[in-house]
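Worksheet: one structure, shown below.
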Amino acid sequence: MKTAVAKPQRCAVYTRKSTEHNLDLAFNSLDAQREACEAYIKSQAHEGWRPVADRFDDGGLSGASLERPALQGLLEQVRSRKIDIIVVYKVDRLTRSLADFAKLVELFDEFNVSFVSVTQSFNTTSSMGRLTLNVLLSFAQFEREVIGERVRDKIAASKRKGIWVGGPIPLGYRSVDKKLEVAPDEAGLVRKIFADYLRLGSIGELAAALDREGVRPRPRKLASGKIITADRFMVGPLAHMLKNRFYVGEIAYRGEIHKGEHEPILDRDLFDAVQARLGEGAVKRKLTRSRTSSMLVGLLFDDRGNPMSPSHANKKGVRYRYYVSHALLQNRKSEAGTVSRVSAPDIEQLVCDALRGRLNANDDACDRDLIRARIERIVLLSDRIAVTFREPELQADLSDSEIAPNELPELMIPFVPKRAPRKGIAHAPTDQETIDSETRETLLKAIARSRGWMETILSDQTASFDNIAADEGLAERHVRRLAVLAFLSPKVIQAIADGAAPSGVTVSSLTQALPHAWADQERLLGLG
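Here numbering that gives the first Met the number 0 is used: the first residue of the sequence shown is 0, the next is one more, and so on.
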(Lines of atoms letter the chains of each structure in order from A and count residues from 1; the text may use other names and numbers.)
(Lines give C-alpha, C1' and ligand atoms only; values in the text may rest on other atoms or scores of the structure.)
Protein backbone atom coordinates (compact mmCIF):
# COMPACT_ATOMS: atom_id res chain seq x y z
CA MET A 1 0.00 0.00 0.00
CA LYS A 2 1.45 3.35 -1.04
CA THR A 3 1.67 6.18 1.48
CA ALA A 4 0.12 9.44 0.29
CA VAL A 5 2.73 12.14 -0.22
CA ALA A 6 1.81 15.46 1.39
CA LYS A 7 1.50 18.43 -0.94
CA PRO A 8 4.55 20.73 -0.58
CA GLN A 9 3.81 23.84 1.48
CA ARG A 10 6.14 26.80 0.93
CA CYS A 11 6.78 28.45 4.30
CA ALA A 12 8.12 31.99 4.79
CA VAL A 13 9.51 33.07 8.17
CA TYR A 14 8.93 36.71 9.19
CA THR A 15 10.86 38.28 12.10
CA ARG A 16 10.76 41.77 13.61
CA LYS A 17 12.32 43.72 16.48
CA SER A 18 11.04 47.19 17.41
CA THR A 19 14.38 48.66 18.49
CA GLU A 20 17.92 48.46 17.14
CA HIS A 21 19.22 47.57 20.60
CA ASN A 22 21.58 44.53 20.39
CA LEU A 23 20.97 44.00 16.67
CA ASP A 24 24.72 44.15 16.15
CA LEU A 25 25.26 40.98 18.20
CA ALA A 26 26.35 37.81 16.42
CA PHE A 27 23.12 36.11 17.57
CA ASN A 28 20.33 38.60 18.13
CA SER A 29 16.56 38.56 18.65
CA LEU A 30 15.87 38.20 14.92
CA ASP A 31 18.12 35.13 14.76
CA ALA A 32 16.41 33.61 17.80
CA GLN A 33 12.96 34.13 16.25
CA ARG A 34 14.09 32.62 12.94
CA GLU A 35 15.67 29.60 14.63
CA ALA A 36 12.44 28.83 16.53
CA CYS A 37 10.31 29.23 13.38
CA GLU A 38 12.57 27.05 11.25
CA ALA A 39 12.55 24.36 13.93
CA TYR A 40 8.74 24.43 13.88
CA ILE A 41 8.69 24.14 10.08
CA LYS A 42 11.06 21.17 10.31
CA SER A 43 8.71 19.48 12.79
CA GLN A 44 5.93 19.75 10.19
CA ALA A 45 8.00 18.25 7.37
CA HIS A 46 5.66 15.24 7.24
CA GLU A 47 2.90 17.69 6.23
CA GLY A 48 5.00 18.90 3.31
CA TRP A 49 6.24 22.11 4.97
CA ARG A 50 9.42 23.51 3.38
CA PRO A 51 11.11 26.86 4.17
CA VAL A 52 11.65 29.29 1.28
CA ALA A 53 15.15 30.65 0.71
CA ASP A 54 14.23 34.35 1.04
CA ARG A 55 14.63 36.05 4.44
CA PHE A 56 12.11 38.57 5.73
CA ASP A 57 13.67 40.39 8.70
CA ASP A 58 12.72 43.90 9.92
CA GLY A 59 15.12 45.19 12.57
CA GLY A 60 14.47 48.42 14.47
CA LEU A 61 10.98 48.93 13.04
CA SER A 62 7.69 49.45 14.85
CA GLY A 63 4.75 47.07 14.61
CA ALA A 64 2.32 50.01 14.55
CA SER A 65 2.63 50.40 10.77
CA LEU A 66 2.74 48.02 7.81
CA GLU A 67 5.31 50.21 6.04
CA ARG A 68 8.28 47.90 6.66
CA PRO A 69 10.63 46.81 3.84
CA ALA A 70 10.76 43.10 4.67
CA LEU A 71 7.02 42.89 5.36
CA GLN A 72 6.21 44.61 2.08
CA GLY A 73 8.51 42.16 0.30
CA LEU A 74 6.71 39.28 2.01
CA LEU A 75 3.30 40.63 0.94
CA GLU A 76 4.55 40.92 -2.65
CA GLN A 77 5.49 37.22 -2.52
CA VAL A 78 1.98 36.48 -1.20
CA ARG A 79 0.39 38.38 -4.10
CA SER A 80 2.66 36.49 -6.52
CA ARG A 81 1.39 33.20 -5.01
CA LYS A 82 4.92 32.12 -4.07
CA ILE A 83 4.06 31.41 -0.41
CA ASP A 84 1.56 29.03 1.20
CA ILE A 85 2.23 29.56 4.92
CA ILE A 86 3.64 32.50 6.92
CA VAL A 87 5.35 31.52 10.17
CA VAL A 88 6.09 34.01 12.99
CA TYR A 89 7.39 33.61 16.53
CA LYS A 90 4.50 35.64 18.02
CA VAL A 91 1.53 37.31 16.36
CA ASP A 92 2.64 40.80 17.46
CA ARG A 93 5.81 40.39 15.38
CA LEU A 94 3.58 40.75 12.33
CA THR A 95 1.55 43.73 13.61
CA ARG A 96 0.35 45.35 16.82
CA SER A 97 -2.65 47.00 15.15
CA LEU A 98 -6.04 45.29 14.98
CA ALA A 99 -7.01 47.34 11.92
CA ASP A 100 -3.83 46.37 10.06
CA PHE A 101 -4.22 42.74 11.10
CA ALA A 102 -7.72 42.63 9.62
CA LYS A 103 -6.29 43.85 6.30
CA LEU A 104 -3.54 41.21 6.38
CA VAL A 105 -5.98 38.40 7.10
CA GLU A 106 -8.16 39.58 4.21
CA LEU A 107 -5.12 39.48 1.91
CA PHE A 108 -4.08 36.03 3.19
CA ASP A 109 -7.61 34.72 2.60
CA GLU A 110 -7.65 36.10 -0.94
CA PHE A 111 -4.47 34.19 -1.84
CA ASN A 112 -5.14 31.09 0.32
CA VAL A 113 -2.19 31.74 2.63
CA SER A 114 -2.23 30.36 6.18
CA PHE A 115 -0.73 32.20 9.14
CA VAL A 116 0.95 30.34 12.00
CA SER A 117 2.35 31.57 15.34
CA VAL A 118 4.96 29.21 16.78
CA THR A 119 4.56 30.10 20.47
CA GLN A 120 0.78 30.48 20.40
CA SER A 121 -0.15 27.26 18.57
CA PHE A 122 -2.89 28.33 16.19
CA ASN A 123 -3.45 29.30 12.59
CA THR A 124 -6.02 31.24 10.62
CA THR A 125 -7.58 28.27 8.88
CA SER A 126 -10.17 27.80 11.66
CA SER A 127 -12.78 30.10 13.19
CA MET A 128 -11.38 29.50 16.66
CA GLY A 129 -7.92 30.42 15.40
CA ARG A 130 -9.25 33.73 14.07
CA LEU A 131 -11.02 34.49 17.34
CA THR A 132 -7.88 33.67 19.34
CA LEU A 133 -5.81 35.91 17.09
CA ASN A 134 -8.18 38.84 17.59
CA VAL A 135 -8.07 38.40 21.37
CA LEU A 136 -4.25 38.21 21.39
CA LEU A 137 -3.95 41.25 19.16
CA SER A 138 -6.28 43.17 21.46
CA PHE A 139 -3.86 42.48 24.30
CA ALA A 140 -0.87 43.37 22.10
CA GLN A 141 -2.46 46.72 21.23
CA PHE A 142 -3.35 47.26 24.89
CA GLU A 143 0.25 46.50 25.91
CA ARG A 144 1.57 49.00 23.37
CA GLU A 145 -0.79 51.71 24.65
CA VAL A 146 0.17 51.01 28.29
CA ILE A 147 3.88 51.23 27.41
CA GLY A 148 3.22 54.53 25.66
CA GLU A 149 1.40 55.88 28.73
CA ARG A 150 4.23 54.76 30.98
CA VAL A 151 6.79 56.47 28.76
CA ARG A 152 4.76 59.68 28.70
CA ASP A 153 4.49 59.62 32.50
CA LYS A 154 8.25 59.14 32.76
CA ILE A 155 8.86 62.05 30.40
CA ALA A 156 6.43 64.28 32.30
CA ALA A 157 8.20 63.56 35.61
CA SER A 158 11.62 64.22 34.06
CA LYS A 159 10.57 67.49 32.46
CA ARG A 160 9.06 68.74 35.71
CA LYS A 161 12.55 68.29 37.18
CA GLY A 162 14.04 70.20 34.25
CA ILE A 163 15.73 67.15 32.75
CA TRP A 164 16.24 66.93 28.99
CA VAL A 165 14.73 63.59 27.93
CA GLY A 166 16.04 63.33 24.39
CA GLY A 167 14.73 64.22 20.97
CA PRO A 168 16.07 66.76 18.47
CA ILE A 169 18.88 68.82 19.99
CA PRO A 170 18.16 72.57 19.77
CA LEU A 171 20.57 74.63 17.72
CA GLY A 172 23.27 75.95 20.07
CA TYR A 173 23.57 72.80 22.18
CA ARG A 174 25.30 69.42 21.96
CA SER A 175 24.66 66.18 23.82
CA VAL A 176 27.33 64.96 26.25
CA ASP A 177 26.51 61.86 28.35
CA LYS A 178 22.76 62.38 27.80
CA LYS A 179 22.95 65.98 29.02
CA LEU A 180 23.01 69.15 26.96
CA GLU A 181 25.94 71.54 26.95
CA VAL A 182 26.26 74.86 25.12
CA ALA A 183 28.06 74.61 21.76
CA PRO A 184 29.98 77.94 21.66
CA ASP A 185 30.17 78.19 17.85
CA GLU A 186 26.40 77.67 17.46
CA ALA A 187 25.41 79.74 20.51
CA GLY A 188 26.62 82.87 18.72
CA LEU A 189 24.40 82.04 15.74
CA VAL A 190 21.38 81.63 18.03
CA ARG A 191 21.95 85.07 19.57
CA LYS A 192 22.34 86.55 16.07
CA ILE A 193 19.05 85.01 14.88
CA PHE A 194 17.12 86.45 17.84
CA ALA A 195 18.75 89.87 17.47
CA ASP A 196 18.14 89.93 13.68
CA TYR A 197 14.46 89.12 14.18
CA LEU A 198 14.08 92.11 16.51
CA ARG A 199 15.74 94.29 13.88
CA LEU A 200 13.75 92.96 10.89
CA GLY A 201 10.41 92.27 12.61
CA SER A 202 9.44 89.47 10.20
CA ILE A 203 10.27 85.76 10.24
CA GLY A 204 10.05 85.65 6.44
CA GLU A 205 12.55 88.50 6.10
CA LEU A 206 14.76 86.83 8.71
CA ALA A 207 14.81 83.59 6.68
CA ALA A 208 15.65 85.52 3.51
CA ALA A 209 18.46 87.45 5.26
CA LEU A 210 20.03 84.26 6.62
CA ASP A 211 19.85 82.73 3.14
CA ARG A 212 21.59 85.74 1.59
CA GLU A 213 24.34 85.50 4.22
CA GLY A 214 24.83 81.81 3.45
CA VAL A 215 23.80 80.68 6.95
CA ARG A 216 22.59 77.08 6.82
CA PRO A 217 20.76 74.88 9.37
CA ARG A 218 22.67 72.17 11.18
CA PRO A 219 22.27 68.67 9.61
CA ARG A 220 19.76 66.58 11.57
CA LYS A 221 20.09 62.86 12.30
CA LEU A 222 16.85 60.88 12.41
CA ALA A 223 16.18 57.90 14.69
CA SER A 224 16.67 55.66 11.64
CA GLY A 225 20.23 56.99 11.28
CA LYS A 226 19.46 58.98 8.13
CA ILE A 227 21.02 62.46 7.95
CA ILE A 228 18.69 65.27 6.85
CA THR A 229 20.25 68.44 5.46
CA ALA A 230 18.53 71.67 4.43
CA ASP A 231 19.88 74.33 2.12
CA ARG A 232 18.18 77.19 4.00
CA PHE A 233 16.30 78.09 7.17
CA MET A 234 12.54 77.72 6.70
CA VAL A 235 9.90 79.94 8.30
CA GLY A 236 8.24 77.14 10.33
CA PRO A 237 11.37 75.93 12.16
CA LEU A 238 12.49 79.54 12.71
CA ALA A 239 9.13 80.37 14.32
CA HIS A 240 9.47 77.35 16.59
CA MET A 241 13.02 78.36 17.50
CA LEU A 242 12.07 81.95 18.35
CA LYS A 243 9.36 80.69 20.76
CA ASN A 244 11.56 78.02 22.36
CA ARG A 245 12.00 78.76 26.08
CA PHE A 246 14.86 76.24 26.15
CA TYR A 247 17.20 79.10 25.23
CA VAL A 248 16.56 80.88 28.56
CA GLY A 249 17.18 77.74 30.63
CA GLU A 250 13.55 76.61 30.86
CA ILE A 251 11.60 73.56 29.73
CA ALA A 252 8.00 73.98 28.58
CA TYR A 253 5.74 70.95 28.92
CA ARG A 254 1.98 70.86 28.44
CA GLY A 255 1.44 74.48 29.31
CA GLU A 256 3.78 74.45 32.33
CA ILE A 257 7.21 76.08 32.55
CA HIS A 258 9.98 74.39 34.56
CA LYS A 259 13.54 75.50 35.31
CA GLY A 260 15.92 73.34 33.29
CA GLU A 261 19.23 71.76 34.26
CA HIS A 262 20.92 73.14 31.12
CA GLU A 263 22.74 76.46 30.79
CA PRO A 264 20.80 79.28 29.03
CA ILE A 265 22.16 80.84 25.83
CA LEU A 266 20.03 84.00 25.80
CA ASP A 267 19.50 86.65 28.45
CA ARG A 268 15.91 87.16 29.60
CA ASP A 269 15.56 90.70 28.20
CA LEU A 270 16.35 89.63 24.62
CA PHE A 271 14.01 86.61 24.75
CA ASP A 272 11.13 88.63 26.25
CA ALA A 273 11.56 91.34 23.62
CA VAL A 274 11.32 88.71 20.86
CA GLN A 275 8.16 87.22 22.42
CA ALA A 276 6.57 90.66 22.58
CA ARG A 277 7.40 91.26 18.90
CA LEU A 278 6.01 87.84 17.96
CA GLY A 279 2.83 88.66 19.88
CA GLU A 280 2.37 91.88 17.92
CA GLY A 281 2.75 89.96 14.67
CA ALA A 282 0.23 87.34 15.79
CA VAL A 283 -2.38 90.02 16.51
CA LYS A 284 -1.88 91.53 13.05
CA ARG A 285 -2.16 88.12 11.38
CA LYS A 286 -5.38 87.31 13.23
CA LEU A 287 -6.88 90.63 12.14
CA THR A 288 -6.01 90.09 8.48
CA ARG A 289 -6.35 86.32 8.12
CA SER A 290 -9.78 84.81 7.54
CA ARG A 291 -10.97 82.64 10.41
CA THR A 292 -11.72 79.94 7.84
CA SER A 293 -8.20 79.83 6.39
CA SER A 294 -7.08 76.33 5.51
CA MET A 295 -4.68 75.47 8.32
CA LEU A 296 -3.60 72.10 6.85
CA VAL A 297 -2.53 73.35 3.43
CA GLY A 298 0.93 71.99 2.56
CA LEU A 299 0.65 69.33 5.27
CA LEU A 300 -2.22 67.16 3.99
CA PHE A 301 -1.68 64.37 1.41
CA ASP A 302 -3.81 61.52 0.10
CA ASP A 303 -2.62 57.92 0.49
CA ARG A 304 -0.93 57.99 -2.93
CA GLY A 305 1.27 60.94 -2.05
CA ASN A 306 -0.70 63.68 -3.84
CA PRO A 307 -0.91 67.01 -1.97
CA MET A 308 -4.46 68.06 -1.06
CA SER A 309 -5.25 71.69 -1.82
CA PRO A 310 -8.01 73.93 -0.43
CA SER A 311 -11.12 74.31 -2.55
CA HIS A 312 -14.63 75.58 -1.99
CA ALA A 313 -18.14 75.46 -3.38
CA ASN A 314 -21.12 77.76 -2.93
CA LYS A 315 -24.53 76.16 -2.52
CA LYS A 316 -27.60 78.30 -1.86
CA GLY A 317 -25.42 81.13 -0.60
CA VAL A 318 -23.44 78.92 1.80
CA ARG A 319 -19.69 78.50 1.28
CA TYR A 320 -18.36 74.96 1.85
CA ARG A 321 -14.61 74.35 2.20
CA TYR A 322 -12.82 71.16 1.08
CA TYR A 323 -9.36 69.72 0.63
CA VAL A 324 -9.05 68.11 -2.83
CA SER A 325 -6.29 65.85 -4.19
CA HIS A 326 -4.05 67.49 -6.81
CA ALA A 327 -4.61 64.42 -9.00
CA LEU A 328 -8.34 65.17 -9.05
CA LEU A 329 -7.79 68.87 -9.75
CA GLN A 330 -5.47 67.98 -12.67
CA ASN A 331 -7.93 65.49 -14.22
CA ARG A 332 -5.83 62.49 -13.15
CA LYS A 333 -8.65 60.77 -11.28
CA SER A 334 -7.09 57.30 -11.62
CA GLU A 335 -4.00 58.53 -9.73
CA ALA A 336 -5.93 60.04 -6.82
CA GLY A 337 -5.91 58.43 -3.37
CA THR A 338 -8.65 56.39 -1.71
CA VAL A 339 -10.16 59.59 -0.30
CA SER A 340 -9.67 62.35 -2.86
CA ARG A 341 -11.98 65.00 -1.35
CA VAL A 342 -12.72 65.77 2.29
CA SER A 343 -14.59 68.44 4.23
CA ALA A 344 -12.04 70.98 5.50
CA PRO A 345 -13.80 71.82 8.80
CA ASP A 346 -14.25 68.11 9.58
CA ILE A 347 -10.63 67.05 9.13
CA GLU A 348 -9.27 70.22 10.76
CA GLN A 349 -11.43 69.62 13.82
CA LEU A 350 -10.39 65.95 14.02
CA VAL A 351 -6.70 66.90 13.94
CA CYS A 352 -7.16 69.64 16.56
CA ASP A 353 -9.21 67.40 18.86
CA ALA A 354 -6.66 64.62 18.60
CA LEU A 355 -3.76 66.96 19.39
CA ARG A 356 -5.61 68.44 22.34
CA GLY A 357 -7.07 65.18 23.67
CA ARG A 358 -4.31 62.65 23.10
CA LEU A 359 -1.28 64.84 23.69
CA ASN A 360 -2.90 67.08 26.28
CA ALA A 361 -2.11 70.10 24.16
CA ASN A 362 -3.03 73.52 25.51
CA ASP A 363 -5.85 75.74 24.25
CA ASP A 364 -3.75 76.74 21.22
CA ALA A 365 -3.96 73.23 19.72
CA CYS A 366 -5.77 74.68 16.66
CA ASP A 367 -3.42 77.62 16.16
CA ARG A 368 -2.27 77.52 12.53
CA ASP A 369 1.34 78.50 13.26
CA LEU A 370 1.72 75.99 16.09
CA ILE A 371 0.24 73.19 13.98
CA ARG A 372 2.69 73.94 11.18
CA ALA A 373 5.57 74.05 13.67
CA ARG A 374 4.53 70.73 15.26
CA ILE A 375 3.42 68.64 12.29
CA GLU A 376 5.54 67.37 9.41
CA ARG A 377 2.90 65.54 7.36
CA ILE A 378 -0.73 64.36 7.49
CA VAL A 379 -1.80 61.42 5.30
CA LEU A 380 -5.50 60.78 4.67
CA LEU A 381 -6.12 57.01 4.51
CA SER A 382 -9.39 55.20 3.89
CA ASP A 383 -10.05 54.52 7.59
CA ARG A 384 -7.68 56.77 9.52
CA ILE A 385 -5.58 59.90 9.46
CA ALA A 386 -1.82 59.44 9.99
CA VAL A 387 -0.12 62.46 11.60
CA THR A 388 3.70 62.63 11.69
CA PHE A 389 5.21 65.21 14.02
CA ARG A 390 8.00 67.57 12.96
CA GLU A 391 9.63 67.77 16.40
CA PRO A 392 9.14 64.47 18.29
CA GLU A 393 9.02 65.18 22.01
CA LEU A 394 8.80 61.56 23.09
CA GLN A 395 12.36 60.33 22.61
CA ALA A 396 13.17 58.84 26.02
CA ASP A 397 15.66 56.00 26.33
CA LEU A 398 13.60 52.92 25.50
CA SER A 399 16.44 50.46 25.00
CA ASP A 400 14.84 47.97 27.40
CA SER A 401 11.40 48.23 25.82
CA GLU A 402 9.85 46.46 22.86
CA ILE A 403 8.34 49.72 21.65
CA ALA A 404 10.47 51.90 19.41
CA PRO A 405 10.91 55.59 20.25
CA ASN A 406 10.08 56.60 16.70
CA GLU A 407 6.59 55.10 16.85
CA LEU A 408 5.46 57.47 19.60
CA PRO A 409 5.56 60.75 17.60
CA GLU A 410 3.12 59.31 15.03
CA LEU A 411 -0.58 59.69 15.76
CA MET A 412 -3.34 57.61 14.17
CA ILE A 413 -6.81 59.22 14.19
CA PRO A 414 -9.81 56.99 13.34
CA PHE A 415 -11.68 58.41 10.36
CA VAL A 416 -14.58 57.41 8.15
CA PRO A 417 -15.45 59.75 5.25
CA LYS A 418 -18.96 61.13 5.25
CA ARG A 419 -21.23 59.38 2.80
CA ALA A 420 -24.94 59.11 2.21
CA PRO A 421 -26.57 57.59 5.34
CA ARG A 422 -27.22 54.21 3.73
CA LYS A 423 -23.62 53.75 2.65
CA GLY A 424 -21.62 54.63 5.73
CA ILE A 425 -21.35 56.39 9.06
CA ALA A 426 -20.94 60.14 9.27
CA HIS A 427 -18.29 60.79 11.90
CA ALA A 428 -18.56 63.39 14.65
CA PRO A 429 -22.27 64.10 14.07
CA THR A 430 -23.75 67.25 15.55
CA ASP A 431 -27.39 68.29 15.80
CA GLN A 432 -28.50 65.56 13.42
CA GLU A 433 -31.45 63.22 13.37
CA THR A 434 -31.34 59.95 15.28
CA ILE A 435 -32.32 56.45 14.18
CA ASP A 436 -35.99 55.64 13.77
CA SER A 437 -37.74 52.93 15.80
CA GLU A 438 -37.63 50.39 12.96
CA THR A 439 -33.85 50.76 12.53
CA ARG A 440 -33.43 50.58 16.30
CA GLU A 441 -35.28 47.24 16.48
CA THR A 442 -33.30 45.83 13.55
CA LEU A 443 -29.99 46.84 15.14
CA LEU A 444 -30.87 45.41 18.57
CA LYS A 445 -31.95 42.10 17.02
CA ALA A 446 -28.73 41.88 15.00
CA ILE A 447 -26.60 42.65 18.08
CA ALA A 448 -28.42 40.04 20.19
CA ARG A 449 -28.06 37.49 17.39
CA SER A 450 -24.31 38.09 16.97
CA ARG A 451 -23.73 37.86 20.74
CA GLY A 452 -25.56 34.54 20.80
CA TRP A 453 -23.34 33.22 18.03
CA MET A 454 -20.14 34.28 19.81
CA GLU A 455 -21.31 32.70 23.08
CA THR A 456 -21.90 29.45 21.19
CA ILE A 457 -18.42 29.53 19.65
CA LEU A 458 -16.74 30.36 22.97
CA SER A 459 -18.59 27.67 24.93
CA ASP A 460 -18.41 24.89 22.34
CA GLN A 461 -15.01 24.13 20.81
CA THR A 462 -16.64 22.20 17.96
CA ALA A 463 -18.78 25.17 16.94
CA SER A 464 -17.78 27.30 13.97
CA PHE A 465 -19.20 29.96 11.71
CA ASP A 466 -19.84 27.23 9.13
CA ASN A 467 -21.99 25.28 11.63
CA ILE A 468 -23.90 28.40 12.66
CA ALA A 469 -24.50 29.39 9.03
CA ALA A 470 -25.87 25.91 8.28
CA ASP A 471 -28.16 25.97 11.35
CA GLU A 472 -29.43 29.47 10.57
CA GLY A 473 -29.79 28.89 6.83
CA LEU A 474 -27.45 31.79 6.10
CA ALA A 475 -24.29 32.27 4.07
CA GLU A 476 -21.13 31.78 6.14
CA ARG A 477 -19.81 35.15 4.93
CA HIS A 478 -22.98 36.85 6.22
CA VAL A 479 -22.52 35.27 9.67
CA ARG A 480 -18.89 36.40 9.84
CA ARG A 481 -19.86 39.95 8.84
CA LEU A 482 -22.57 40.23 11.49
CA ALA A 483 -20.39 38.66 14.21
CA VAL A 484 -18.44 41.93 14.65
CA LEU A 485 -21.54 43.45 16.26
CA ALA A 486 -20.84 41.25 19.30
CA PHE A 487 -17.87 43.51 20.05
CA LEU A 488 -19.71 46.84 20.08
CA SER A 489 -18.93 49.31 22.84
CA PRO A 490 -21.50 49.24 25.69
CA LYS A 491 -21.91 52.98 25.21
CA VAL A 492 -22.78 52.48 21.53
CA ILE A 493 -25.26 49.70 22.38
CA GLN A 494 -26.88 51.95 25.01
CA ALA A 495 -27.20 54.78 22.46
CA ILE A 496 -28.88 52.39 20.02
CA ALA A 497 -31.21 51.05 22.74
CA ASP A 498 -32.14 54.63 23.72
CA GLY A 499 -32.71 55.58 20.08
CA ALA A 500 -29.98 58.24 20.41
CA ALA A 501 -27.60 56.90 17.74
CA PRO A 502 -27.18 59.04 14.58
CA SER A 503 -29.56 58.30 11.70
CA GLY A 504 -26.70 57.07 9.51
CA VAL A 505 -26.12 54.08 11.80
CA THR A 506 -27.43 50.84 10.27
CA VAL A 507 -26.44 47.18 10.43
CA SER A 508 -24.73 47.56 7.06
CA SER A 509 -22.75 50.69 8.02
CA LEU A 510 -21.60 49.22 11.34
CA THR A 511 -20.34 46.00 9.79
CA GLN A 512 -18.50 47.88 7.04
CA ALA A 513 -16.80 50.62 9.07
CA LEU A 514 -16.45 49.46 12.67
CA PRO A 515 -13.12 50.10 14.48
CA HIS A 516 -12.01 47.47 16.99
CA ALA A 517 -11.29 49.80 19.93
CA TRP A 518 -14.37 50.90 21.89
CA ALA A 519 -13.11 54.48 22.24
CA ASP A 520 -12.70 54.70 18.46
CA GLN A 521 -16.23 53.34 17.91
CA GLU A 522 -17.67 55.96 20.26
CA ARG A 523 -15.67 58.77 18.66
CA LEU A 524 -16.74 57.65 15.19
CA LEU A 525 -20.40 57.95 16.17
CA GLY A 526 -19.95 61.24 18.02
CA LEU A 527 -20.45 59.61 21.43
CA GLY A 528 -16.87 59.98 22.71
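Backbone N, C-alpha and C fix where the C-beta goes; we use that ideal spot for every residue, glycine too.
Spatial neighbours of D56 in its own chain (CB-CB distance under 7 Å, excluding positions within 5 residues in sequence) are listed in chain order as T14, L29 and A69. Taking one beta carbon from each stretch, the stretch 291-303 and the stretch 180-199 have fewer than 3 pairs nearer than 8 Å; the two do not touch. For S488, no beta strand (DSSP E) run applies, since DSSP gives it neither H nor E. Listed in chain order, the non-local C-beta contacts of G200 below 7 Å within the same chain comprise R276, local neighbours out to five positions each way being set aside. In the DSSP assignment, S174 falls within the beta strand (DSSP E) that extends over Y172 to V175. Per DSSP, the unbroken beta strand (DSSP E) holding V341 starts and ends at R340 to S342. For L299, same chain residues with a beta-carbon under 6 Å away, outside a window of 5 residues either side, are M307, Y322 and I377 in chain order.
Contact between the stretch 489-497 and the stretch 513-526 is present: 3 or more CB-CB pairs across the two stretches fall below 8 Å.
D53 and V214 have their C-alpha atoms roughly 48 Å apart. For R318, the closest C-alpha among the options D91, A343 and S333 is that of A343. Take the alpha-carbon of E437 and the one of R371: they are about 47 Å apart. In the DSSP annotation of this structure, N111 is not part of any beta strand (DSSP E), being labelled neither H nor E. Within the model, the alpha-carbon separation for R367 versus L328 is close to 25 Å. Taking a C-beta distance under 7 Å as the contact criterion, F464 and E475 qualify as a contact pair. When DSSP assignments are scanned along the stretch 234-288, the uninterrupted stretches of alpha helix (DSSP H) that are 4 or more residues long and fall wholly within it turn out to be 234-241 and 267-287. CA-CA distance, V112 to S381, rounds to 25 Å. Residue environment for T337: exposed (fewer than 16 other C-beta atoms within 10 angstroms of its C-beta). Scanning its chain for C-beta atoms nearer than 7 Å, with the 5 sequence neighbours on each side dropped, one finds around M233 the residues A206, in chain order. The DSSP-derived three-state label of G147 is helix. 7 Å or more divides the Cβ of S458 from the Cβ of L481. By the Cβ criterion, the stretch 247-261 is in contact with the stretch 159-177, since at least three pairs of Cβ atoms, one from each stretch, lie closer than 8 Å. Under DSSP, Y322 shares a beta bridge with P309 and V341.
For E375, the enclosing beta strand (DSSP E) begins and ends at I374 to L379.
By the neighbour-count definition (other C-beta atoms within 10 Å, threshold 16), R149 is an exposed residue. Between the alpha carbons of I85 and F114 lies a distance of about 5 Å.
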